[in-house]
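Residue 376 in this note's numbering sits at position 376 of the sequence shown, and the numbers go up by one each step.
What follows is a set of notes on a single structure, which appears directly below.
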Amino acid sequence: MSRLAFTTLFALAFLQLVAAVPVANTAAPSDSIRPLLDARAGFPDRAGHDRRAATLSSASNAGSTTSSSSSTQSLLDMVAAVITKLSQAKAAKTAGLSTARKSYSALVAFGASYTDNAHARSNADRGSLRNFAPFSTWNGRYTNGPVAVEYMVQSDLSPALPQGSGGVKLVDYAFGGSVVQNGLDGTGTAYPAAENQARPPRSDRSLRKQRSKRTDECLYSQVANYLADLKGGSIDVGSGRVLHYFNTGINPVMAIFNNMLRAGSSAQAVSYAQTAVANNANALIKAIRSINTDSTVQSKTNGHDFLIVGIPQMDLTPVAHNAIPSSYNQRQINAALSQLQALTNQYNTALSSFAQSFKSEVVGGNVYFFDLASLWTSLTNSGPEYGITQGTKTCLSGTKMCSNPNQYLYLDTLHPVTSVHKLWAEKMNALVAGNS
Numbered sequence: 001m002s003r004l005a006f007t008t009l010f011a012l013a014f015l016q017l018v019a020a021v022p023v024a025n026t027a028a029p030s031d032s033i034r035p036l037l038d039a040r041a042g043f044p045d046r047a048g049h050d051r052r053a054a055t056l057s058s059a060s061n062a063g064s065t066t067s068s069s070s071s072t073q074s075l076l077d078m079v080a081a082v083i084t085k086l087s088q089a090k091a092a093k094t095a096g097l098s099t100a101r102k103s104y105s106a107l108v109a110f111g112a113s114y115t116d117n118a119h120a121r122s123n124a125d126r127g128s129l130r131n132f133a134p135f136s137t138w139n140g141r142y143t144n145g146p147v148a149v150e151y152m153v154q155s156d157l158s159p160a161l162p163q164g165s166g167g168v169k170l171v172d173y174a175f176g177g178s179v180v181q182n183g184l185d186g187t188g189t190a191y192p193a194a195e196n197q198a199r200p201p202r203s204d205r206s207l208r209k210q211r212s213k214r215t216d217e218c219l220y221s222q223v224a225n226y227l228a229d230l231k232g233g234s235i236d237v238g239s240g241r242v243l244h245y246f247n248t249g250i251n252p253v254m255a256i257f258n259n260m261l262r263a264g265s266s267a268q269a270v271s272y273a274q275t276a277v278a279n280n281a282n283a284l285i286k287a288i289r290s291i292n293t294d295s296t297v298q299s300k301t302n303g304h305d306f307l308i309v310g311i312p313q314m315d316l317t318p319v320a321h322n323a324i325p326s327s328y329n330q331r332q333i334n335a336a337l338s339q340l341q342a343l344t345n346q347y348n349t350a351l352s353s354f355a356q357s358f359k360s361e362v363v364g365g366n367v368y369f370f371d372l373a374s375l376w377t378s379l380t381n382s383g384p385e386y387g388i389t390q391g392t393k394t395c396l397s398g399t400k401m402c403s404n405p406n407q408y409l410y411l412d413t414l415h416p417v418t419s420v421h422k423l424w425a426e427k428m429n430a431l432v433a434g435n436s
């Protein structure tokens with residue numbers, strides 16, 4: 001039983017005794033009870049004794065008799081004082097815990113090109129960067145400036161992530177072109193975008209020979225590298241909480257969709273695609289869970305949270321429209337886009353549902369799901385509200401940049417411009433800051 005509840009029950013029981021006996025015939029509280037009442041009310045023992053003694057003496061000299069209701073009211077006032085003090089103490093303690101839990105010292109990011117900040121990598125993985133103009137201008141990023149996670153850790157972003165005086169450090173493990181798990185249901189690293197990676201239905205032997213061109217760091221490898229770095233002490237996540245960030249799935253979903261189209265979108269191909277999407281979502285969920293239960297994470301971080309980000313509404317992207325065979329009529333085009341929409345929704349729903357249930361597993365931490373598909377739909381359909389006048393065209397034409405990239409949604413057929421990354425970051429920070 002809490003201290004506040006015990007005190008309240010004690011006071012109510014005492015009031016019942018007082019109400020049952022006329023105060024005029026009741027002796028003053030004994031010396032053994034006075035200190036208890038004084039302490040419960042928040043008064044020093046001696047001060048409380050003197051206060052009551054003076055009150056009783058005055059009443060005696062005046063020859064007055066205190067009524068039962070008056071005495072009861074006095075005790076009620078005392079109980080109210082006790083409850084107020086205890087409530088204030090509890091609120092202060094809770095506020096202190098809340099402040100501590102909101103302070104992040106590191107954001108650890110996993111994902112693909114939407115998250116890759118062009119961090120250092122081995123020569124074997126240089127293909128995960130775009131080392132040609134104009135992308136070389138931004139060190140190989142898949143956009144014309146910082147990506148969303150880079151904006152998220154900036155202290156001057158509004159709103160900023162809850163942080164201490166040292167700010168929030170970005171530890172980025174994302175690789176452009178990566179998938180959740182190399183080889184899962186035929187998916188492999190995309191280079192530079194998903195192409196020929198999904199394994200076709202077994203009945204279509206003519207397509208089974210297709211393989212991925214590369215084996216960049218998939219999300220499973222990223223997580224393994226993070227845990228090894230944390231254990232070995234090669235990274236420092238600071239003394240605050242760690243926010244683990246996940247945004248991946250575009251490449252495998254697009255690979256699965258492309259292969260479904262090649263198989264003629266038959267009932268068997270559609271069924272296989274749905275199974276493949278489910279397997280990829282489950283693989284990501286498994287990777288996320290592995291961080292939460294890892295002993296090194298438990299011992300070397302001062303608490304950790306999770307931000308799981310869905311994928312955009314892929315049927316709205318130019319890359320999806322370009323993937324549809326030119327021989328398709330409008331009815332077939334619409335049907336194909338509807339199928340991609342369904343695969344996107346399936347993947348995002350799996351992650352959203354997991355995020356909700358995962359909250360019970362992250363003891364002392366928070367789990368957030370950001371609905372990127374909804375934001376994408378809004379950016380596409382209501383672009384002018386965000387300053388976007390070109391919601392379907394690309395800023396980049398060959399190697400030539402447009403003169404007004406901030407008015408575009410897309411840099412190329414898949415990747416958003418950096419101003420969209422910033423807007424996206426602001427909304428994610430608002431989600432985390434408002435619910436930590």
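Just so you know, even glycine gets a beta-carbon here, dropped at the ideal spot from N, CA and C.
Rounded C-alpha distance that separates residue i from residue j
i	j	result
residue 112	residue 175	5 Å
residue 359	residue 367	6 Å
residue 172	residue 383	30 Å
residue 138	residue 144	6 Å
residue 337	residue 235	43 Å
residue 412	residue 375	18 Å
residue 293	residue 227	11 Å
residue 348	residue 340	12 Å
residue 296	residue 365	16 Å
residue 343	residue 394	24 Å
residue 352	residue 290	18 Å
residue 265	residue 401	36 Å
residue 185	residue 279	8 Å
residue 420	residue 224	30 Å
residue 324	residue 416	21 Å
residue 354	residue 221	21 Å
residue 123	residue 333	40 Å
residue 148	residue 263	35 Å
residue 371	residue 250	14 Å
residue 233	residue 407	43 Å
Per-residue burial, residue i [other beta carbons within 10 Å of its own, 16 or more giving buried]
i	result
residue 317	buried
residue 422	buried
residue 217	buried
residue 429	buried
residue 150	buried
residue 155	exposed
residue 255	buried
residue 271	exposed
residue 331	exposed
residue 404	exposed
residue 131	exposed
residue 287	buried
residue 329	exposed
residue 356	exposed
residue 398	exposed
residue 182	buried
residue 21	Annotation note: pLDDT 45 at residue 21 (below 50); position unreliable, coordinate value reported separately. The residue in question, residue 21, is exposed, as its Cβ has fewer than 16 Cβ neighbours within 10 Å.
residue 335	exposed
Beta carbon of residue i nearer than 7 Å to that of residue j
i	j	result
residue 326	residue 240	no
residue 159	residue 433	yes
residue 377	residue 313	yes
residue 120	residue 140	no
residue 414	residue 277	no
residue 459	residue 114	Because residue 459 is not part of the residues shown, which for the chain are 1 to 436, the question remains open.
residue 267	residue 260	no
residue 273	residue 350	no
residue 164	residue 103	yes
residue 177	residue 128	yes
Anticipated Cβ contact below 8 Å, residue i with residue j, distance rounded
i	j	result
residue 252	residue 180	6 Å
residue 244	residue 108	5 Å
residue 310	residue 373	5 Å
residue 388	residue 379	6 Å
residue 301	residue 362	No, residue 301 and residue 362 are not in contact; Cβ-Cβ is about 12 Å, not under 8 Å.
Residue i: first and last residue of the uninterrupted alpha helix (DSSP H) it sits in
i	result
residue 117	First-last for residue 117: undefined, no H or E at that position.
residue 282	267-293
residue 441	As shown, the chain starts at 1 and ends at 436. That puts residue 441 outside it, with no answer to give.
residue 232	219-232
residue 392	Segment 390-394 is the beta strand (DSSP E) holding residue 392; no alpha helix (DSSP H) there.
residue 253	250-262
residue 147	From DSSP, residue 147 is part of no alpha helix (DSSP H); its letter is neither H nor E.
residue 321	318-323
Span of the beta strand (DSSP E) around residue i
i	result
residue 311	Careful: residue 311 lies outside any beta strand (DSSP E) and carries neither H nor E.
residue 105	104-111
residue 347	Looking at the DSSP string, residue 347 is not in any beta strand (DSSP E); the run it does join, the alpha helix (DSSP H), is 330-358.
residue 368	367-370
residue 408	408-410
residue 171	169-172
7 Å Cβ cutoff, residue i in contact with chain B
i	result
residue 117	No chain B appears in this structure, which consists of one protein chain only.
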